[in-house]
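Just so we're aligned, residue 1 is where the sequence shown starts under the UniProt record's numbering, counting upward by one. Working notes for the structure below.
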Amino acid sequence: MASLSYPNKPAVDFTLPNGEAQPVKLSGYRGKNVVLSFYPADWSPVCTSELSLIQEVLDDIRGYNAEVLGVSVDNTYSHRAWAERQHLTFPLLSDFWPHGEVARQYEVFREKDGISERALFFIDETGMLRERWVSEDPAIAPGLNIIFDALERIQGARPKEARYA
1 MASLSYPNKP AVDFTLPNGE AQPVKLSGYR GKNVVLSFYP ADWSPVCTSE
51 LSLIQEVLDD IRGYNAEVLG VSVDNTYSHR AWAERQHLTF PLLSDFWPHG
101 EVARQYEVFR EKDGISERAL FFIDETGMLR ERWVSEDPAI APGLNIIFDA
151 LERIQGARPK EARYA
């Protein structure tokens with residue numbers, strides 16, 4: 001699979017197991033915009049806050065014909081338990097084995113730490129990578145404005161029913 005170095009290229013397709021160990025294929029979301037959220041680790045404070053905030057505005061994100069996929073190197077058991085504990089309803093995908101392979105393909109694997117960077121990739125409904133955001137410091141989560149601004153650029157004007165301002 002190809003490496004990504006800049007947007008407006010086809011997103012690298014992958015299949016990873018979710019918390020129920022069921023395969024999820026990125027290309028299965030064609031026809032929807034996708035917010036692909038790489039995060040360092042389940043159970044960490046910053047990741048907990050980041051994904052909980054995304055869960056709170058998930059209906060608004062879906063107003064842009066978009067779905068969220070979370071990806072970390074944690075295993076499926078950890079994903080299932082953490083999603084249940086945090087009441088997360090979007091898929092958490094395990095990039096556990098081969099360890100960090102998808103994060104490497106998206107150029108966000110932190111080799112020295114064995115985790116991914118905190119990063120967002122915005123993929124349009126045709127499967128094209130339109131934008132990416134990578135944190136300079138994995139201890140800092142993205143603001144929700146990063147997600148909604150990118151979705152607006154992909155989809156057009158903000159839907160009227162969106163609660164986020």
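From the three backbone atoms N, C-alpha and C, an ideal C-beta is built for every residue, glycine too.
Would residue i be called buried (16 or more neighbouring beta carbons within 10 Å of its own) or exposed?
i, result
"E20", "exposed"
"D60", "buried"
"A83", "buried"
"H79", "buried"
"P10", "exposed"
"E161", "Confidence is the limiting factor: at E161 the pLDDT is only 49, short of 50, which leaves the residue's position unreliable, though a coordinate-based value still follows. Burial call: exposed."
"R85", "exposed"
Quick one: residues in its chain with C-beta nearer than 8 angstroms to the C-beta of residue i, no 5 flanking neighbours on either side, listed in chain order?
i, result
"N33", "Y64, N65, A66, E67, F122, I123, D124, E125, L151, I154, Q155"
"L16", "P23, V24, V71, L93, S94, D95, V102"
"R30", "E125, T126, G127"
"H99", "V73, G114"
"T76", "P17, N18, G19, E20, A21, S94, F96"
Beta-carbon separation of residue i and residue j under 7 angstroms?
i, j, result
"I146", "P40", "no"
"V73", "D95", "yes"
"F38", "L26", "no"
"Q105", "V12", "yes"
"P7", "E131", "yes"
Quick one: residues in its chain with C-beta nearer than 7 angstroms to the C-beta of residue i, no 5 flanking neighbours on either side, listed in chain order?
i, result
"V134", "V108, E117, A119"
"V46", "A139, A141"
"Y164", "Because Y164 carries a pLDDT of 45, less than 50, the predicted location of this residue cannot be relied on, and no value is offered for it."
Who are the near neighbours of residue i in its chain, counting only those whose CB is closer than 6 angstroms to its CB and skipping five residues on each side?
i, result
"E50", "A141"
"P91", "N18, V24, L69"
Alpha helix (DSSP H) runs contained entirely in the UniProt domain "Thioredoxin" (5-156), provided each spans 4 or more residues:
45-56, 58-62, 76-86, 101-105, 144-155
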